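For reference, the structure is listed below as C-alpha cells.
Residue numbers (the numbering used here): 46 to 359.
If you want it as C-alpha cells, here you go:
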C-alpha cells in the first residue's frame, strides 16, 4: 500500500532550502577552475575574437587610405538541455528523508545533478556500455559555437593534442608532455601571464605519474603537497593546479585525455544553478514527487588556451 503525503508550502520551502544547503557542500572542483557567468536568453556570447593585424606596404604618392580590418568572429554558449533527476515518494520514511539535508536520499539526487554539471563543464559524457567517458558536447574539451550567430560548431584543433608517445616514450604523464603543453600556449602568446591560473585534470593513474615525476625531477615537495596529491585533493605542482577525477575521458584508441587549461579561458554559464522542488503529482494518485535540476553550458574563449595530453594507462 502506497503512502501519500500532502505536500504543504512549508515542505516545499524546506526541500528547496535543503537542496541548496547540500549543494553548497558538494560543489565539484571544476567550478573553481573556470570563469562562472550568468546565462541569459537562447544564446549567451562569451567572447568577441579579433584576429591579429599585420602591416601593409604602401605605394609612393598614393592617396588611398589603407583598409586592413582584422578578422572578427564571436563565440557563444547556447541555452542547454536540462540536467535533472527526480523520484516519486511512496513511503512516509522516504518523505521524512526528503526533508532531511543529511539523508542519503537527498544527497544522492544533488550529487547526481552536480555530476552532470561537472560533465558539462569538462565536455564529456558516459558511455553506458563500457562505463568510461568520452569527449562530447561543449565545455573545456568539446565543441563551441562560433560566428555572428551560433551556427558553426568548432572543435579543438588536432594541433592542440599532445601525442601519447611525445618525447619518444610510450608512457603516461611525462615532463616532456607537460612542457609541450605549456610551450604550446607560450608560442601562442596565451595563457601564461603571471596573473592567470593554469589547471590540469588527471585520473588516479596520472596521479601516480605525477608523484613519480616530481621525485624524478627532484621537485621540491613539502609533506602537505605530497599528502594532497596522494589523497586526490586539489594541489599545485610544477606550476599547474591539479584536480583529480575518474571522469577524465578516453579517445577511440583507448588513450586517456588529460586537459590543461587556463581559468580565464573557459566560461561556464548557468541559466539556472542546482535547484530543487517537491509537489504532489495529481497524475499519479497525488503521490509526492521530488525534483532536482540545473541548466549549464560551458565553452572555450579561445582554442589556443587549451591543450590535451594523450596518456597510456597500464
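All residues carry an ideal CB built from backbone N, CA and C; glycine is no exception.
Remember, predicted model here, so these are calculated numbers, not experimental data.
Counting along the chain, residue 165 sits inside the alpha helix (DSSP H) bounded by residues 149 to 167.
Rounded to the nearest angstrom, the gap between the Cα atoms of residue 199 and residue 121 is 11 Å. Under the three-state reduction of DSSP, residue 200 is assigned to coil, being neither helix nor strand. Here residue 201 is not near residue 292, since their CB atoms are 8 Å or more apart. In this structure, the CA atom of residue 90 is about 40 Å from the CA atom of residue 104. Going by DSSP, residue 63 is part of the alpha helix (DSSP H) stretching over 54 to 70. With a threshold of 16 other beta carbon atoms within 10 Å, residue 337 meets it and is buried. When 319, 187, 304 are compared, the shortest CA-CA separation from residue 344 is found for 187. Only buried fits residue 295, as 16 or more other CB atoms lie within 10 angstroms of its CB.
Relative to residue 255, the option among 297, 285, 63 whose CA is nearest is 285. The alpha-carbon separation between residue 82 and residue 314 amounts to approximately 5 Å. Assignment of residue 333 by DSSP, reduced to helix, strand and coil, places it in the strand class. The beta carbon of residue 143 sits closer than 7 Å to those of 60, 134, 150, 151, 323, 335, all from its chain and outside the five residues before and after it, given in chain order.
Assignment of residue 132 by DSSP, reduced to helix, strand and coil, places it in the strand class. Counting C-beta atoms within 10 angstroms of its own C-beta, residue 307 has 16 or more neighbours from the protein chains shown and is therefore classed as buried.
Shown here, residue 124 sits in coil according to DSSP, grouped into three states, outside any helix or strand.
At least 8 Å separates the beta-carbon of residue 52 from that of residue 249.
DSSP, read as helix, strand or coil, puts residue 256 in helix. In the structure shown, the three-state DSSP call for residue 347 is coil.
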